[in-house]
Amino acid sequence: MAILELRNLIKAFGGLRAVDGLSLAIEEGQILGLIGPNGAGKSTAFNCIAGVYPPSSGEVYFCGEKTNNQKPWDLCRKGLARTFQIVKPFASKSLLYNVMVGSFSRTKKRSKAEEKALAVLKSLHLDVKKDMNSGNLTIADRKKLEIGRALATEPRLLLLDEVMAGLRPTEVDEMVAVIRNLRDSGITIFLIEHIMRAIMALSDRIVVIHYGKKICEGTPKEVADDERVIKAYLGEDYGVS
Ligand SMILES: Nc1ncnc2c1ncn2[C@@H]1O[C@H](COP(=O)(O)OP(=O)(O)OP(=O)(O)O)[C@@H](O)[C@H]1O
Ligand SMILES: [Mg+2]
Numbered sequence: 502m503a504i505l506e507l508r509n510l511i512k513a514f515g516g517l518r519a520v521d522g523l524s525l526a527i528e529e530g531q532i533l534g535l536i537g538p539n540g541a542g543k544s545t546a547f548n549c550i551a552g553v554y555p556p557s558s559g560e561v562y563f564c565g566e567k568t569n570n571q572k573p574w575d576l577c578r579k580g581l582a583r584t585f586q587i588v589k590p591f592a593s594k595s596l597l598y599n600v601m602v603g604s605f606s607r608t609k610k611r612s613k614a615e616e617k618a619l620a621v622l623k624s625l626h627l628d629v630k631k632d633m634n635s636g637n638l639t640i641a642d643r644k645k646l647e648i649g650r651a652l653a654t655e656p657r658l659l660l661l662d663e664v665m666a667g668l669r670p671t672e673v674d675e676m677v678a679v680i681r682n683l684r685d686s687g688i689t690i691f692l693i694e695h696i697m698r699a700i701m702a703l704s705d706r707i708v709v710i711h712y713g714k715k716i717c718e719g720t721p722k723e724v725a726d727d728e729r730v731i732k733a734y735l736g737e738d739y740g741v742s
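The opening residue of the sequence shown carries number 502 in my numbering; numbering runs sequentially from there.
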């Protein structure tokens with residue numbers, strides 16, 4: 502069964518259709534990549550899925566249920582979590598505190614929330630920094646913390662919005678490994694990313710959007726070889742071996 506399905510999703514801001522009739526589906530256990538030029542409507546699509554914006558029209562189905570006008574916290578309880586393109590941890594608080602904010606969505610008990618948060622931090626190799634002030638983290642660690650906050654809510658579907666932006670090549674490699682581990686642990690992943698080698702390496706399938714519309718969908722190789730995608734996004738110089 503598709504864990505997430507969009508049917509003809511439209512999100513308009515005034516006269517601008519940021520998402521313009523997008524349909525797609527993600528099977529449970531898969532990694533779906535979403536790519537497209539700046540302003541193509543990728544983050545807006547995530548915001549509609551996660552309940553941040555109500556869609557203007559069309560349908561969002563999560564686990565078979567139409568979730569169009571549900572709120573982010575209700576969707577979170579149902580197993581949908583996301584990261585934000587601009588990461589905003591509680592900077593004056595520790596990593597442990599930040600991740601516990603996520604775990605409290607599943608338990609009211611402090612000890613349980615802490616236990617969960619510590620396990621999440623460990624899985625991201627951040628446990629040694631658990632007491633550090635989050636404001637002092639490197640970009641790479643801040644991105645991982647953002648994932649940690651989402652993971653602590655125990656998602657079935659995780660939406661990752663450019664979690665590799667600004668990272669060095671070795672940090673990108675580490676993040677690719679982190680995301681693979683998440684998928685192997687059973688979490689379905691919907692991933693927006695501009696770093697092509699990462700999205701190509703991770704995705705089972707990729708959807709390409711341009712001006713809010715899907716222009717291509719397929720395996721990483723199919724998408725990279727597609728004329729429309731090369732023209733709209735990748736550029737002529739992009740070669741896939
Ligand atoms: N809250 C908003 N109000 C008005 N216009 C918006 C709003 N959010 C996004 N837009 C516009 O919608 C379009 C799509 O923006 P969006 O952020 O979804 O693009 P994106 O594909 O995520 O781009 P990027 O790769 O740069 O992150 C842009 O033209 C943007 O200016
Ligand atoms: Mg965006």
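Think of the CB as a built atom: it goes at the ideal place given N, C-alpha and C, for glycine as much as any other residue. As the structure is a prediction and not an experimental result, all values here were calculated from the model.
Shorter than 8 Å from the beta carbon of residue i to some beta carbon of chain C?
{"i": "Arg698", "result": "The displayed structure is made up of one protein chain only, and chain C is not part of it."}
My understanding is that residue i touches residue j, with C-beta atoms under 8 Å, so please give their C-beta distance in whole angstroms.
{"i": "Asp521", "j": "Gly713", "result": "3 Å"}
{"i": "Ala519", "j": "Gly542", "result": "4 Å"}
{"i": "Leu597", "j": "Lys631", "result": "4 Å"}
{"i": "Gly709", "j": "Tyr734", "result": "Contrary to the premise, residue 709 reads as Val rather than Gly in this sequence. About 6 Å separates the two Cβ atoms, so the contact holds."}
{"i": "Ser544", "j": "Ile680", "result": "Between Ile680 and Ser544 the Cβ distance is about 18 Å, and since that is not below 8 Å, they are no contact."}
{"i": "Arg706", "j": "Gly719", "result": "7 Å"}
{"i": "Leu505", "j": "Leu523", "result": "That belief does not hold up - the Cβ atoms of Leu505 and Leu523 are roughly 12 Å apart, past 8 Å."}
{"i": "Arg617", "j": "Ser604", "result": "The question names Arg, but residue 617 in the sequence shown is Lys. Between Ser604 and Lys617 the Cβ distance is about 4 Å, and since that is below 8 Å, they are a contact."}
Compute the Euclidean distance between the alpha carbons of residue i and residue j, then round it to the nearest angstrom.
{"i": "Ser742", "j": "Glu566", "result": "Note that Ser742 scores 42 on pLDDT, short of 50, meaning its location in the model is unreliable and no value can be drawn from it."}
{"i": "Ile640", "j": "Phe514", "result": "31 Å"}
{"i": "Val621", "j": "Val600", "result": "8 Å"}
{"i": "Ser593", "j": "Leu646", "result": "14 Å"}
{"i": "Lys502", "j": "Cys564", "result": "For clarity, residue 502 is Met in the given sequence; the question names Lys instead. Rounded to whole angstroms, Met502 to Cys564 spans 8 Å at the Cα level."}
{"i": "Leu627", "j": "Arg684", "result": "19 Å"}
{"i": "Gly537", "j": "Asp575", "result": "29 Å"}
{"i": "Ile587", "j": "Thr608", "result": "27 Å"}
{"i": "Pro670", "j": "Gly540", "result": "25 Å"}
{"i": "Pro721", "j": "Met701", "result": "5 Å"}
{"i": "Thr568", "j": "Arg698", "result": "33 Å"}
{"i": "Lys572", "j": "Glu560", "result": "15 Å"}
{"i": "Ser595", "j": "His711", "result": "39 Å"}
{"i": "Leu510", "j": "Cys549", "result": "9 Å"}
{"i": "Leu517", "j": "Val724", "result": "26 Å"}
{"i": "Lys512", "j": "Pro556", "result": "5 Å"}
{"i": "Ser558", "j": "Ile731", "result": "30 Å"}
{"i": "Glu615", "j": "Val602", "result": "10 Å"}
{"i": "Tyr554", "j": "Glu528", "result": "23 Å"}
{"i": "Cys717", "j": "Ser612", "result": "47 Å"}
Could you give the first and the last residue of the continuous beta strand (DSSP E) run that contains residue i?
{"i": "Ile707", "result": "Arg706 to His711"}
{"i": "Thr689", "result": "Thr689 to Ile693"}
{"i": "Phe563", "result": "Ser558 to Phe563"}
{"i": "Leu523", "result": "Leu517 to Glu528"}
{"i": "Gly534", "result": "Ile532 to Ile536"}
{"i": "Phe514", "result": "Ala503 to Phe514"}
Closest to residue i by CA distance: which of the options is it?
{"i": "Glu655", "options": "Ser635, Met665, Thr639 and Ser686", "result": "Ser686"}
{"i": "Gly530", "options": "Thr689, Asp705 and Gly580", "result": "Thr689"}
{"i": "Leu658", "options": "Phe547, Ile707 and Leu622", "result": "Phe547"}
{"i": "Arg650", "options": "Cys549, Leu638 and Ala582", "result": "Ala582"}
{"i": "Arg643", "options": "Met676, Arg611 and Pro670", "result": "Met676"}
{"i": "Asn682", "options": "Arg698, Leu652, Glu663 and Leu507", "result": "Leu652"}
{"i": "His695", "options": "Gly534, Ile511 and Ile587", "result": "Gly534"}
{"i": "Pro590", "options": "Cys577, Val629, Asn634 and Pro556", "result": "Asn634"}
{"i": "Leu625", "options": "Glu615, Ile648, Gly603 and Arg611", "result": "Ile648"}
{"i": "Thr584", "options": "Glu663, Glu672 and Asn637", "result": "Glu663"}
{"i": "Gly552", "options": "Lys715, Asp726 and Arg578", "result": "Arg578"}
{"i": "Ser704", "options": "Ala678, Ile716 and Val629", "result": "Ala678"}
Could you pull the DSSP bridge partners for residue i from this structure?
{"i": "Arg583", "result": "Leu660"}
{"i": "Arg643", "result": "Partner(s): none; Arg643 has no beta bridge."}
{"i": "Asn634", "result": "Ser595"}
{"i": "Glu566", "result": "Phe563"}
The alpha helix (DSSP H) with residue i in it runs from where to where?
{"i": "Glu718", "result": "It is not in any alpha helix (DSSP H) - Glu718 instead sits in the beta strand (DSSP E) that spans Lys714 to Gly719."}
{"i": "Leu699", "result": "Checking the displayed sequence, the identity of residue 699 turns out to be Ala instead of Leu. Met697 to Leu703 is the span of the alpha helix (DSSP H), which, as asked, contains Ala699."}
{"i": "Ser612", "result": "Arg611 to Ser624"}
{"i": "Leu683", "result": "Pro670 to Asp685"}
{"i": "Gly731", "result": "First, the residue type needs correcting, since residue 731 is Ile and not Gly in the sequence shown. Careful: Ile731 lies outside any alpha helix (DSSP H) and carries neither H nor E."}
{"i": "Lys543", "result": "Lys543 to Ile550"}
{"i": "Arg578", "result": "Pro573 to Arg578"}
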